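The structure under discussion appears below in the form of structure tokens.
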Amino acid sequence: MNLAELDKKYQDVEPAKGSYQPLPDGKYLCRLEKAEVKRNKGNDGIHLAFVLAVDEGSHKGRRIFHNRPINDNEKTLAWLKRDLLAIGYTDYLSRLPEVLPQCLGRLVKVELKTVTIPTTGQKAQIAYLDPVKGR
2 MNLAELDKKY
12 QDVEPAKGSY
22 QPLPDGKYLC
32 RLEKAEVKRN
42 KGNDGIHLAF
52 VLAVDEGSHK
62 GRRIFHNRPI
72 NDNEKTLAWL
82 KRDLLAIGYT
92 DYLSRLPEVL
102 PQCLGRLVKV
112 ELKTVTIPTT
122 GQKAQIAYLD
132 PVKGR
């Protein structure tokens with residue numbers, strides 16, 4: 002696309018108003034739009050980054066961004082396994098980068114819950130993924 006073609010329209014359009022509002026806590030039927038293994042910001046490890054698109058209801062089209070650390074901690078691996086099973090991934094973890102794209106487009110149930118982090122007292126919205134059966 003030639004950006005010069007957009008100059009006039011860009012000059013005439015008003016800036017967007019408002020601010021980003023997170024999705025309310027609740028249960029959503031989502032479609033896995035993107036999933037990839039990424040390096041952490043500090044380059045001190047890796048995580049699995051999900052982008053899930055709400056597939057129905059009044060929030061259809063909104064996105065949920067969900068990250069799951071990948072390390073040798075047993076609890077972390079248990080949560081990673083839950084997420085991977087929810088998107089239909091049943092292969093070895095070592096094959097994740099090559100097999101993960103086959104899971105794109107799958108339906109996933111996502112429950113969003115706001116929790117208080119005990120160590121900091123800060124609130125955070127957590128996503129719990131579950132498989133969709135029979136669809």
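Note that this note's numbering has the sequence shown beginning at 2, numbered continuously upward. We put the CB at the ideal spot given by N, CA and C, even for glycine. From a predicted model like this one, the values you see are computed outputs, not experimental measurements.
Cross-strand partners of residue i (DSSP beta bridge)
i	result
D131	K110
L30	K110
I47	R40 and I71
L53	L33 and I65
Among the options, the one whose alpha carbon lies nearest that of residue i
i	options	result
L108	T121, I118 and D84	D84
H48	K39, V55 and D56	K39
N72	P119, A5, N41 and K110	N41
N74	V133, V116, G46 and I118	G46
V89	P98, K10, E37 and L105	Per the sequence shown, residue 89 should be read as Gly rather than Val. Nearest of P98, K10, E37 and L105 to G89, Cα basis: L105.
Q22	K134, P119 and Q126	Q126
Contact set for residue i: own chain, Cβ-Cβ below 7 Å, skip 5 residues either direction
i	result
V52	E34, K35, R64 and F66
A54	C31, R32, E34, G62 and R64
L24	H60, R63, I65 and L113
A87	V109, L130, D131 and P132
A79	none
D56	L30, C31, R32 and L108
Local conformation of residue i per DSSP, three classes
i	result
P70	strand
V116	strand
L1	Residue 1 cannot be examined here, being either before or after the span of the chain that is shown, 2 to 136.
R63	coil
Q79	What sits at residue 79 in the sequence shown is Ala, not Gln. The answer is helix: DSSP assigns A79 an H, G or I state.
L24	coil
K18	coil
Q123	coil
Residues of its chain near residue i, where Cβ-Cβ distance is below 6 Å and the 5 sequence neighbours each way are ignored
i	result
Y129	E112
D26	L113, K114 and T115
N68	H48 and A50
CB contact check: residue i to chain C, cutoff 8 Å
i	result
D73	The structure shown contains no chain C; it holds only a single protein chain.
Own chain, CB closer than 8 Å to residue i, minus 5 neighbours either side, in chain order
i	result
Q123	T117
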